[in-house]
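So the mapping is simple: the numbering used here equals the position in the sequence shown, first residue as 1, plus 889.
What follows is a set of notes on a single structure, which appears directly below.
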Amino acid sequence: MMRTNRKIAVTFAATLLAGAAGAGAAQASPTTSGNAAPSACRPANHTAEITEVAGSAGHRHYRVTLTAPLGYEPCALAGSPADVRFSNHGSDSGVTAGRYGGQKKVVTFGPGRPVHFDIQVPSSRRGIPADEASFTLRAPDGAIPGTSFAQGGLKVATGTLVGPVRRGS
């Protein structure tokens, strides 16, 4: 019995050491930009939710709010997300979004600093149901690799536009 417990303890210690070594290697990876914590801007490191907000003359509006949990490094975003597409239950809607608004303003995103962007849909056109948006975030110097996803119900149509990322939720 004592020998079995010792084997388990040695195996456990080896696993912990291997994990610590792996974590050190992960921290030195290019996706962390040399910081101790990975960037909140990477798609796997944040969540996004779509909610309907008050409409304006001729448009339905939806807000996509991005949040990052503690443990991630803040990062800079600028302009409207690129390559915005919509799907419903996994099926592509066929609608892609253009951009509107100023594209140069830089905002900081990270834990405790949520950001959002607006989806503006012409209400004069028949809406196509969607439950997910996919998009590529942009930094001041270009696109951030990877695709982010936001969940929530909305209706999209030809002529849908996406506004620039702004501070707040």
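By construction, the Cβ of each residue, glycine as well, lies at the ideal position given by its N, Cα and C atoms.
If you're wondering where the values come from, they're calculated on a predicted model, not measured in any experiment.
According to the Cβ coordinates, are residue i and residue j closer than 8 Å?
i     : j     : result
S986  : L1050 : The question names Ser, yet the displayed sequence has Ala at residue 986. Yes, the pair counts as a contact, with Cβ atoms nearer than the cut-off.
C964  : A929  : yes
T954  : P1003 : yes
F1006 : P958  : no
P1029 : V995  : yes
H978  : T956  : no
L1026 : I1017 : no
A971  : F1024 : yes
S969  : G999  : no
Excluding the 5 residues preceding and the 5 following residue i in the sequence, name in chain order all residues of the same chain whose CB lies nearer than 7 Å to its CB.
i     : result
H982  : With the sequence shown as reference, residue 982 is identified as Ser, and His is not the correct amino acid for it. So the qualifying residues of the chain are F975, S976, I1017, A1019 and V1045.
P932  : G1035, T1036 and S1037
G944  : H950 and S1012
T997  : P963 and A965
R1014 : A1046, T1047 and G1048
V984  : F975, I1017, V1045, A1046, T1047 and T1049
For the beta strand (DSSP E) that contains residue i, what are its first and last residues?
i    : result
R974 : A971 to N977
T954 : H948 to T956
Among residues of its own chain, excluding the 5 on either side of residue i, which ones have a beta-carbon nearer than 6 Å to its beta-carbon?
i     : result
G1048 : P1011
P919  : Legend: pLDDT at P919 = 34, less than 50; position of this residue unreliable, no value from coordinates given.
E941  : Y951
A912  : Low local confidence applies: a pLDDT of 39 at A912 is under 50, so the model's placement there is unreliable, with the coordinate-based value given in what follows. Excluding positions up to five away in sequence, the list is empty.
G1001 : none
Going along the chain, which residues of its own chain have a beta-carbon closer than 8 Å to the beta-carbon of residue i, five neighbours each way excluded?
i     : result
Q1040 : A937, E938, I939, D1020 and E1021
* Asked: Should the segment 1005–1014 be regarded as contacting the segment 938–954, the criterion being three or more beta carbon pairs within less than 8 Å?
  -> Verdict: yes, contact present.
* Going along the chain, which unbroken runs of the beta strand (DSSP E) with 3 or more residues stay wholly within the segment 982–1032? -> 995–998, 1004–1011 and 1017–1025
* Tell me the start and end of each unbroken alpha helix (DSSP H) in the segment 1034–1058 that is at least 4 residues and wholly inside, in chain order. => none
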